[in-house]
Amino acid sequence: MNYEKSHKLFERALSVIPGGVNSPVRACKSVGMEPVFIDHADGCMIFDSDGNSYIDYIGSWGPMILGHRHPSIIEAIESVLKRGTSFGAPTDLEIELAEMIINAVPSIEMVRMVNSGTEATMSAIRLARGITGRDTIVKFDGCYHGHADTLLVEAGSGVATLGIPGSPGVPESFVSHTLSLPYNDIDAFKKVMSEQSEKIACVIVEPVAGNMGLVPPVDGFLEALRELTEKSGSILIFDEVITGFRVAFGGAQSLYGISPDITCLGKIIGGGLPVGAYGGKNEIMSHMAPQGPVYQAGTLSGNPVAMAAGIAALLQLKEPGFYDSLEEKASRLAAGLEKAVKKAGKKAAINQVGSILGFFFTDKEVKNYEDAKTCDLEMFSAYYKGMRQKGIYIAPSQFEALFVSAAHETEQIDATIKAAEEILGEL
Ligand SMILES: *Cc1c(COP(=O)(O)O)cnc(C)c1O
Numbered sequence: 107m108n109y110e111k112s113h114k115l116f117e118r119a120l121s122v123i124p125g126g127v128n129s130p131v132r133a134c135k136s137v138g139m140e141p142v143f144i145d146h147a148d149g150c151m152i153f154d155s156d157g158n159s160y161i162d163y164i165g166s167w168g169p170m171i172l173g174h175r176h177p178s179i180i181e182a183i184e185s186v187l188k189r190g191t192s193f194g195a196p197t198d199l200e201i202e203l204a205e206m207i208i209n210a211v212p213s214i215e216m217v218r219m220v221n222s223g224t225e226a227t228m229s230a231i232r233l234a235r236g237i238t239g240r241d242t243i244v245k246f247d248g249c250y251h252g253h254a255d256t257l258l259v260e261a262g263s264g265v266a267t268l269g270i271p272g273s274p275g276v277p278e279s280f281v282s283h284t285l286s287l288p289y290n291d292i293d294a295f296k297k298v299m300s301e302q303s304e305k306i307a308c309v310i311v312e313p314v315a316g317n318m319g320l321v322p323p324v325d326g327f328l329e330a331l332r333e334l335t336e337k338s339g340s341i342l343i344f345d346e347v348i349t350g351f352r353v354a355f356g357g358a359q360s361l362y363g364i365s366p367d368i369t370c371l372g373k374i375i376g377g378g379l380p381v382g383a384y385g386g387k388n389e390i391m392s393h394m395a396p397q398g399p400v401y402q403a404g405t406l407s408g409n410p411v412a413m414a415a416g417i418a419a420l421l422q423l424k425e426p427g428f429y430d431s432l433e434e435k436a437s438r439l440a441a442g443l444e445k446a447v448k449k450a451g452k453k454a455a456i457n458q459v460g461s462i463l464g465f466f467f468t469d470k471e472v473k474n475y476e477d478a479k480t481c482d483l484e485m486f487s488a489y490y491k492g493m494r495q496k497g498i499y500i501a502p503s504q505f506e507a508l509f510v511s512a513a514h515e516t517e518q519i520d521a522t523i524k525a526a527e528e529i530l531g532e533l
């Protein structure tokens with residue numbers, strides 16, 4: 107494959123944008139390659155500036171569950187443009203998306219729109235602290251909740267890929283109230299709750315972890331979080347920025363039957379435009395300004411173009427059988443990859459929840475961040491390189507998940523498996 111145009115664009119970008127990218131993992135640094143610059147995308151295919159085409163398993167890091175340029179989303183955006191692009195005032199579209207989210211996710215009775223997942227989690231933490239009057243927050247190693255200061259501790263993919271613990275610029279005092287515990291470790295969590303539960307404002311978790319590859323919760327983990335936070339008057343926050351409308355229409359909470367106090371959403375609910383949201387029961391959300399004292403605001407929040415795209419996306423996802431058919435595609439891919447690994451005599455662990463896959467170059471079962479870190483990163487880099495050259499676009503990091511979209515058909519999935527077989531055989 108020829109990457110001449112991408113290379114030139116990257117050189118240009120490097121002199122005007124830090125690292126040449128607007129989000130670190132895009133730079134492909136950890137796999138020792140340069141990024142391809144994207145020209146356009148359609149369905150499950152993505153095309154770079156040199157005219158190379160790829161089957162896309164990044165899906166803009168999760169939002170593109172319907173594939174790229176879904177006609178109903180494009181149509182909704184085109185139609186709303188006739189009204190304007192931003193008013194900084196309420197519109198009917200915000201209510202419509204809020205109502206759709208509330209109808210889909212039973213634990214949400216009221217929801218506030220923001221512009222990113224980072225804003226959603228950051229605001230949810232403030233709300234939890236505001237309600238409880240407590241400062242300490244509990245998170246889990248390898249879970250990523252956006253890049254807000256207090257949450258940038260043991261934060262999975264992006265930082266793991268770069269090998270930096272947390273980040274310079276975050277004062278120690280800011281994270282001194284953040285406890286990070288091993289994911290899926292019920293005993294470690296119980297211990298912390300028995301020792302200092304009265305200090306804990308909230309526990310924030312990815313109910314299915316999607317930022318250290320893909321790691322499902324073990325039996326009893328989410329139940330323990332629910333039970334002990336309830337007992338101690340702490341707030342349970344599910345960060346469903348990836349899992350919301352991805353693993354089921356009602357998110358991971360509907361899949362596992364656990365009802366959190368606050369849910370954070372993002373990615374899919376914007377239909378490919380920048381949207382985040384956080385919501386919960388009325389008694390919780392009523393603490394937000396202007397109804398209550400906890401402050402949070404946004405110039406572009408509830409943006410009409412983004413709302414229209416989100417509404418169009420959720421309407422599609424509501425179709426009966428959507429998630430079953432999507433999961434079938436992902437299961438076909440998982441089974442095919444597993445076979446390919448065996449055939450090549452390699453060791454890899456594959457995790458799957460719905461249409462999200464984790465593919466780990468390790469002989470361990472991956473249940474937490476420690477397990478994920480046992481992966482052979484050199485082998486992953488070689489695999490990434492080979493797959494990209496064969497036209498398969500996966501995330502350039504061992505610690506990112508694969509996303510299957512409704513636009514992936516058997517033909518593309520089988521082509522992906524075949525490419526993996528060939529590349530694994532050469533490693
Ligand atoms: C992507 C992500 C975020 C951050 O969302 P942004 O829109 O990138 O700010 C937060 N939490 C989880 C679980 C995510 O995957």
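Going letter by letter, the sequence shown gives residues 107 to 533 in the working numbering. Just so it is clear, CB atoms sit at the ideal spot from N, CA and C, and this is done for glycine as well. This one's a predicted model, so the numbers in the text were calculated from it and none came from an experiment.
Do residue 442 and residue 343 have their C-beta atoms within less than 8 Å of each other?
-> no
Assess, as a yes-or-no matter, whether the stretch 211-224 is touched by the stretch 386-399 under the definition of 3 or more beta carbon pairs within less than 8 Å.
-> yes
Grouping DSSP H, G and I as helix and E and B as strand, with all else coil, what is residue 296?
-> helix
Please name the residue, chosen from 354, 205, 496 and 511, that lies closest to residue 521 on a Cα-to-Cα basis.
-> 496
Ignoring anything shorter than 4 residues or poking outside the stretch 177-243, list the alpha helix (DSSP H) runs there in chain order.
-> 177-187, 198-210 and 223-238
In chain order, what residues of the same chain lie with their CB nearer than 6 Å to the CB of residue 153, ignoring the 5 residues before and after it?
-> 145, 146 and 159
Please classify residue 108: does DSSP put it in a helix, a strand, or coil?
-> coil
With DSSP run on the structure shown, which of helix, strand or coil describes residue 406?
-> coil
So residue 161 is in the beta strand (DSSP E); what residue range does that whole segment cover?
-> Per DSSP, the continuous beta strand (DSSP E) segment holding residue 161 begins and ends at 159-162.
If we ignore side chains and look at the alpha-carbon of each, how far apart do residue 492 and residue 503 end up?
-> 14 Å
Contact between the stretch 369-386 and the stretch 239-250: three or more CB pairs below 8 Å?
-> no
Please classify residue 493: does DSSP put it in a helix, a strand, or coil?
-> helix
From the beta carbon of residue 521, is the nearest beta carbon of chain B less than 8 Å away?
-> The question asks about chain B, but that chain is absent: this structure has only one protein chain.
Per DSSP, residue 478 forms a beta bridge with which residues?
-> Beta-bridge pairing by DSSP links residue 478 to no other residue.
Would you kindly work out how many angstroms separate the C-alpha atoms of residue 257 and residue 293, rounded to a whole number?
-> 22 Å
Residue 195 classed as buried or exposed, judged by whether at least 16 other C-beta atoms fall within 10 angstroms = exposed
Going by beta carbon distance, what residues of the same chain come within less than 8 Å of residue 388, once the five residues before and after it are set aside?
-> 215 and 216
Cβ pair residue 345, residue 370 closer than 8 Å | yes
Using beta-carbon positions only, say whether residue 546 and residue 253 come within less than 8 Å of one another.
-> Residue 546 cannot be examined here, being either before or after the span of the chain that is shown, 107 to 533.
Exposure label - residue 409; buried when at least 16 CB within 10 Å | buried
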